[in-house]
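The structure appears below as structure tokens.
Residue numbers (the working numbering): 4 to 102.
Spelled out as structure tokens, the structure:
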């Protein structure tokens, strides 16, 4: 059996972006600090993957303040949620077919 791997979304080829989207599918929004802690990443590494998801219109960024400290939060867009669900559904289909 052959699988059309082109149906897999290239944005989600990276485990870090899968981790970010997984978190945002569970929680409506997460802060940079929370994502960094959950995924055990450096600031730069996390920022580059968030930028990739933002450029793909899969997440939105909200900047604000908590007291005097800046607070950046991220949320999955409807487009991002749909793309991630489609990606996971195709992976599930591959696994079911191989069983």
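Just so it is clear, CB atoms sit at the ideal spot from N, CA and C, and this is done for glycine as well.
Does the distance from the CB of residue i to the CB of residue j come in under 8 Å?
i          : j          : result
residue 1  : residue 80 : The structure shown has nothing for residue 1, since the chain only spans 4 to 102.
residue 1  : residue 44 : Since the first and last residues shown for the chain are 4 and 102, residue 1 lies out of range.
residue 83 : residue 24 : yes
residue 33 : residue 90 : no
residue 38 : residue 47 : no
residue 78 : residue 40 : no
Run through the DSSP bridge pairs and tell me what residue i is partnered with.
i          : result
residue 66 : 75
residue 34 : 76
I need the straight-line Cα distance from residue i to residue j, nearest angstrom please.
i          : j           : result
residue 42 : residue 100 : 31 Å
residue 13 : residue 68  : 34 Å
residue 7  : residue 85  : 19 Å
residue 93 : residue 22  : 17 Å
residue 53 : residue 75  : 11 Å
residue 28 : residue 35  : 15 Å
residue 58 : residue 64  : 11 Å
residue 72 : residue 49  : 19 Å
residue 95 : residue 5   : 15 Å
residue 9  : residue 66  : 35 Å
residue 97 : residue 15  : 16 Å
residue 88 : residue 51  : 22 Å
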